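Protein sequence lines correspond, in order, to chains A and B. Residue numbers are given in numbering that gives the first Met the number 0: position 605 of the first sequence equals residue 604, and the series is strictly consecutive. Residue numbers are given in numbering that gives the first Met the number 0: position 95 of the second sequence equals residue 94, and the series is strictly consecutive. Where is the CB? At the ideal position from N, CA and C, for every residue including glycine. Keep in mind it's a predicted model, so treat the numbers as computed, not measured. The block underneath contains the structure these notes are about, expressed in structure tokens.
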Amino acid sequence: MHLSRRAFIKSGIAASTAATVGLPIAKLTEAAAAEVEKDWQWDKAVCRFCGVGCGIMVATKEGRIVATKGDPKAPVNKGLNCIKGYFNGKILYGKDRLTQPLMRMKDGKFDKKGQFVPVTWEQAFDEMERQWRRVYAEKGPTGVAIIGSGQYTIQEGYTAVKLMKVGMRSNNIDPNARNCMASAVAAFMQTFGIDEPAGNYDDVEHADTIVLWGANMAECHPILWSRVTDRRLSDKNVRVVNLSTYHNMSSDVADLEILFKPNTDLAIQNYIAREIIARNAVNWDFVNKHCVFATGPYDIGYGMRPTSKFAYDAEKDTQAKELRVKLDRNEAIAQRRQAGEEVEQKNAATADKHWLIGFEDFKKAVEPYTLDFVAELAKADPDEPLEKFKAKLRQLADLYIDPTRRVTSFWTMGFNQHQRGTWVNEQTYMNHLLLGKIASPGNSPFSLTGQPSACGTAREVGTFSHRLPADMVVNIAKHRETAEKLWKLPAKTLNPKPGSHIVKIMRDLEDGSVKWCWVQVNNPFQHNANANHWLRAAREKDNFIIVSEAYPSISAKVADLILPVAMIFEKWGGYGNAERRTQLWRQQVPPPGQARADVWQMLEFSKRIKLKDVWGEQSVPGLKEEGFPDGKLPSVLDEAVKMGYSPEDSLYKALFATPDNLKVKWPDPVAKGHDNHIVSLLGDGWFVEKALFEEYARFGRGHAHDLAPFDRYYDDDVRGLKWPVVNGRETAIRFNEQYDPYVRKGAGIEFYGPAMKALPLGNLDAVTDPAPKSLAGKAKIFFRPYAAPAEQPDAHYDLWLCTGRVLEHWHSGTMTRRVPELHRAVPAAQLWLHPKDAEKRGLKRNDLVWIESRRGKIQVRVEIGGRNRMVQGYVFVPWFDEGVFINRLTLDTTCPISKETDFKKCAVKVYKA
Amino acid sequence: MNFSGIAVTTKPEWVDAVAQGLAALPGVEVFGRDAASGKLVIVQEAASVADEVAGFKAIRSLPNVIAADLVYHYFADDTELVSAMPDDLSALEGISVPAELKD
Chain A
0 MHLSRRAFIK
10 SGIAASTAAT
20 VGLPIAKLTE
30 AAAAEVEKDW
40 QWDKAVCRFC
50 GVGCGIMVAT
60 KEGRIVATKG
70 DPKAPVNKGL
80 NCIKGYFNGK
90 ILYGKDRLTQ
100 PLMRMKDGKF
110 DKKGQFVPVT
120 WEQAFDEMER
130 QWRRVYAEKG
140 PTGVAIIGSG
150 QYTIQEGYTA
160 VKLMKVGMRS
170 NNIDPNARNC
180 MASAVAAFMQ
190 TFGIDEPAGN
200 YDDVEHADTI
210 VLWGANMAEC
220 HPILWSRVTD
230 RRLSDKNVRV
240 VNLSTYHNMS
250 SDVADLEILF
260 KPNTDLAIQN
270 YIAREIIARN
280 AVNWDFVNKH
290 CVFATGPYDI
300 GYGMRPTSKF
310 AYDAEKDTQA
320 KELRVKLDRN
330 EAIAQRRQAG
340 EEVEQKNAAT
350 ADKHWLIGFE
360 DFKKAVEPYT
370 LDFVAELAKA
380 DPDEPLEKFK
390 AKLRQLADLY
400 IDPTRRVTSF
410 WTMGFNQHQR
420 GTWVNEQTYM
430 NHLLLGKIAS
440 PGNSPFSLTG
450 QPSACGTARE
460 VGTFSHRLPA
470 DMVVNIAKHR
480 ETAEKLWKLP
490 AKTLNPKPGS
500 HIVKIMRDLE
510 DGSVKWCWVQ
520 VNNPFQHNAN
530 ANHWLRAARE
540 KDNFIIVSEA
550 YPSISAKVAD
560 LILPVAMIFE
570 KWGGYGNAER
580 RTQLWRQQVP
590 PPGQARADVW
600 QMLEFSKRIK
610 LKDVWGEQSV
620 PGLKEEGFPD
630 GKLPSVLDEA
640 VKMGYSPEDS
650 LYKALFATPD
660 NLKVKWPDPV
670 AKGHDNHIVS
680 LLGDGWFVEK
690 ALFEEYARFG
700 RGHAHDLAPF
710 DRYYDDDVRG
720 LKWPVVNGRE
730 TAIRFNEQYD
740 PYVRKGAGIE
750 FYGPAMKALP
760 LGNLDAVTDP
770 APKSLAGKAK
780 IFFRPYAAPA
790 EQPDAHYDLW
800 LCTGRVLEHW
810 HSGTMTRRVP
820 ELHRAVPAAQ
830 LWLHPKDAEK
840 RGLKRNDLVW
850 IESRRGKIQV
860 RVEIGGRNRM
870 VQGYVFVPWF
880 DEGVFINRLT
890 LDTTCPISKE
900 TDFKKCAVKV
910 YKA
Chain B
0 MNFSGIAVTT
10 KPEWVDAVAQ
20 GLAALPGVEV
30 FGRDAASGKL
40 VIVQEAASVA
50 DEVAGFKAIR
60 SLPNVIAADL
70 VYHYFADDTE
80 LVSAMPDDLS
90 ALEGISVPAE
100 LKD
């Protein structure tokens, strides 16, 4: 009986699998599939992990997930799963899942030095409120912060933004996505005036040249990578190029592998631009119609603190470069200066300013980037002959320039986590624009993302310290007015001063300017660079840290209060992937124990704050510079009363359970029998996720960010929709009249993004004519020079350190390490090292070593072979493993424009433990 | 008990050889093959949860296997998984603070 049932189950699984990949199924096994799944409820959902956004099907029975499978109808993954996606169902069921609030207590009350003790939700919120009142009274809106996430559902991000920016009048909300794709965002905004890519994943199937720049897709975006390899195998003409600082799994399929030194991607891209001009290959028809040339200052620092006050002694020489940089020989050539010249970093705070230049200036700027100069500068592998490396660079230029080839460029963290991340993103657009290879099928500079809703939530909802929904920003008065109208707020409720970005929130905790911090859907005390500072700040300073978590992560361990959260399929939600595809799902199973969704946590907390607590006059340091002469946010309470609010109203009533939202009733036919634990707990009958989604969607509709109606995403024939969705139709490729309804009739191509579209005119060094000139409808081709990394190997710290992901684990491993299979596949992070570097230090595989930087040291085991092959002088350590806490060593330099941390380069030494 | 439905890709001329290699692996049963497309459908049964990934890696590293894609994950009968998760930890006083959180 048992055997026959097992055989039956297996044939049922085989039938479903065969159907997914399009193999014919025997009638018998089809019947078995139906029988095996007969009490199950299948529903469509989306993967919890990376930014690719694969569709999965989830089967539930009696409140538990019993199976998952790749969704054959999902255009992204066509039924396939990578090894992480395969375990979506099991991440909910780790043994150490947190299921009740835990607070540090001593003698029955909160104590920062106390031990974690289970408390009720009531006790947890009581202490949160008490601490919030204390800090808000002392510091005002700038004393409180939320660290959010690119893994927020759309509704979670929206709730957090509204709670902070409208409720607490604080812009101190910033997501971990800051450290993931902020450089991509800054480059999108500066180049196109609007965020998110023109193209989509289908460009893979149309491209002839596919170039990876600092993107190990084979390990980090496996499903998309399988589409790339399919494309490569299906057409002899297709070429794949992998540019990286070490040999990785993506190199195994690549036709051309180019290993370059840190930061020299800046030089290689300028070499390509120089070649485009030298070979007379500029697409002038395209450039004249659709582009302008631009540049900005070079003396922009490295995003470190401007003071050494908080630095360890060993860090001070690196930190000093924030103020003054001595140009090396290569920088001097690349920036048309003298070697040894000391350059004061005067534009650190104004790194984003830029101006128009003429083509002749642009040409002059790329002129020094000859093949000889760039090859010598960029070649990473000392064992590779220079002539061979030169031939590779020439071949790369050929593959971009050949007019018969459609080119798709992919990049992720190698570009984004980069001290010049915004620049290096912009350089890719530079080459695609010069060639006119953009916004048509297969011609696609495409920024990949690492998190499931970095695009859909963090960016588009605007959970950044400077942003509002739909690409608006807090420091533009017109944007605040628009938002205040849509939110039905008194004028001047919103705070015009951008808040602290995530790295600065960490620094704020250290220097005491932020004292109340709520961490949601991420693990910042593990993922931020230079972590020793922030761990101490959390445990030793006078502050209150709340961490909403599913598992006991490092961040949970350093918290004062842990709130247990509902995970993905235990709540309703929506994600937006890297190709603008919005996908929504239903709650599939109830959360365990007292775990509750983040939205519920925020709404419950919002019941405890009244308008009179926050909408009175508030002082905000630095406001004068934003045009508020007395340095204060005005009281808007009188105006609020005129609009029908009462000072006694809670934020819950004023911002969330509004008369409009209360009209959106639960139950709703779209639920099809699925539950909603948030609605049940609140008990006032409104369909929270639908109401908030529709409220948020008002910001983007009619402004080139149109989302479809909430219910549409749940229809059986929909597998996500790429915005803008206009008249029920999604947009495959933006800026191209053939696909995009926002392009004017007859324009062909139009870069209609509205931001930063009037600029002064200048030369390579400075503005010469400050009167702004309109460049409506055009994209900018930026000149950005090579700049050397802030910290480089020297006699004492003689190796480069790069960090990143491995296939089996995702992010800090909080979820994937809970799945025993994934944990066993790669149990502990290793240090990858070149055999010659190992030999020099007397090390062999599996030896325990110390790895040490100016900021800290840890122990780790050595790996010499395997999936990554390092070049000499270079080591790699993945960051998923909290037992190998590599961010204790990494350097918190950021791109000065995007404020995104560079996790890819700092100096270390390695020696036997 | 865990079952995975896996789609394996090879070249049409290698389908039979790959099918043989797959069938020889522990817990693997070949359910379908298509010589035209070079695709095979197999189901892997893993007695312990730990064997699942090891088995998948063995499949991927068989000679002539171009790709192996996980499609279906069945764990309805995995009772261990359910018993690992008490409904409400507060009902179990004394063990409710995870060991990792005790400094």
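Min CB distance Asn80 of chain A to chain B below 7 angstroms: yes
Taking C-beta to C-beta, are Leu508 of chain A and Ala482 of chain A nearer than 7 angstroms? no
Run of the alpha helix (DSSP H) containing Ile276 of chain A, from where it starts to where it stops: Asp264 to Ala277
Tell whether a beta-carbon distance below 7 angstroms holds between Ala206 of chain A and Thr448 of chain A. No, these two residues do not count as a Cβ contact at 7 angstroms.
Is Trp917 of chain A near Ile475 of chain A, with beta carbons less than 7 angstroms apart? In the structure as shown, chain A begins at 0 and stops at 912. Residue 917 of chain A is therefore absent and cannot be evaluated.
Would you kindly report the start and end of the unbroken beta strand (DSSP E) that includes Cys290 of chain A? Cys290 to Thr294 is the span of the beta strand (DSSP E), which, as asked, contains Cys290 of chain A.
Return no unless some Cβ of chain A is closer than 7 angstroms to the Cβ of Gly4 of chain B. yes
For Thr8 of chain B, I'd like the list of residues in its chain whose CB is within less than 7 angstroms of its CB, leaving aside the five on either flank, ordered along the chain. Gly37, Lys38, Ile65 and Ala66
Met303 of chain A versus Phe463 of chain A: straight-line alpha-carbon distance, rounded: 19 angstroms
If you check the beta carbons only, do Leu223 of chain A and Ala528 of chain A fall under 7 angstroms apart? no
For Ala13 of chain A, go through chain B and note every residue whose CB falls closer than 7 angstroms to its CB, in chain order. Gly4, Phe30, Gly31, Val40 and Val42
Just grab the DSSP bridge partners of Lys631 of chain A for me. A:Ser618
Looking at the C-beta of Val14 of chain B, does it have a partner C-beta in chain A at a distance below 7 angstroms? The C-beta of Val14 of chain B comes no closer than 7 angstroms to any C-beta of chain A.
So that I know if they touch, is there some Cβ in chain A lying closer than 7 angstroms to that of Val70 of chain B? Contact with chain A is found for Val70 of chain B, since one of that chain's Cβ atoms lies less than 7 angstroms from the residue's Cβ.
Cβ contact check for the stretch 589-597 of chain A and the stretch 67-75 of chain A: 3 or more pairs under 8 angstroms: They do not touch, by the three-pair rule.
Test: Leu22 of chain A CB closer than 7 angstroms to a CB of chain B: yes
Can you give the Cα-Cα distance for Asn80 of chain A and Val184 of chain A, rounded to whole angstroms? 28 angstroms
Would Val143 of chain A and Trp486 of chain A be called neighbours here (beta carbons separated by less than 7 angstroms)? Contact: no.
Thinking C-beta only, is Pro590 of chain A closer than 7 angstroms to Glu569 of chain A? yes
Residue environment, Met248 of chain A, which counts as buried when at least 16 other CB atoms sit within 10 Å: buried
With 16 as the cutoff for other CB atoms within 10 Å, does His704 of chain A come out buried or exposed? By the neighbour-count rule (16 or more Cβ atoms within 10 Å), His704 of chain A is buried.
For chain B, is any of its Cβ atoms less than 7 angstroms away from the one on Ala731 of chain A? no
Expressed to the nearest angstrom, what Euclidean distance is found between the alpha-carbon atoms of Ala555 of chain A and Leu101 of chain A? 10 angstroms
On a Cα-Cα basis, can you pick out the residue from A:Trp533, A:Phe86, A:Arg132 and A:Gly139 that is closest to Ile608 of chain A? A:Arg132
Assuming Val460 of chain A and Tyr157 of chain A make a contact with CB atoms under 8 angstroms, what is their CB distance in whole Å? 5 angstroms
Classify Tyr301 of chain A as helix, strand or coil using the three-state DSSP reduction. coil
With 16 other Cβ atoms within 10 Å as the buried cut-off, status of Tyr910 of chain A: Burial call: exposed.
Comparing C-alpha positions only, which one of A:Glu128, A:Ile90 and A:Ala757 sits nearest to Asp768 of chain A? A:Ala757
Cβ-based burial, Ala6 of chain A [other Cβ within 10 Å; buried from 16]: exposed
Taking the alpha-carbon positions, what's the Pro792 of chain A to Asp836 of chain A distance? 14 angstroms
Interface residues of chain A facing Ala66 of chain B [CB-CB closer than 7 angstroms]: Ser225
Tell me the DSSP secondary structure of Met566 of chain A in three-state form. coil
Hey, Asn262 of chain A and Gln418 of chain A are a contact pair by Cβ (cut 8 angstroms); roughly how many whole angstroms apart? 7 angstroms
CA-CA distance, Asn675 of chain A and Trp571 of chain A? 7 angstroms
Counted within 10 angstroms of its Cβ, other Cβ atoms place Trp283 of chain A as buried (16 or more) or exposed: Under this definition Trp283 of chain A is an exposed residue.
Taking the C-alpha atoms as reference points, what is the distance between Leu69 of chain B and Asn867 of chain A? 24 angstroms
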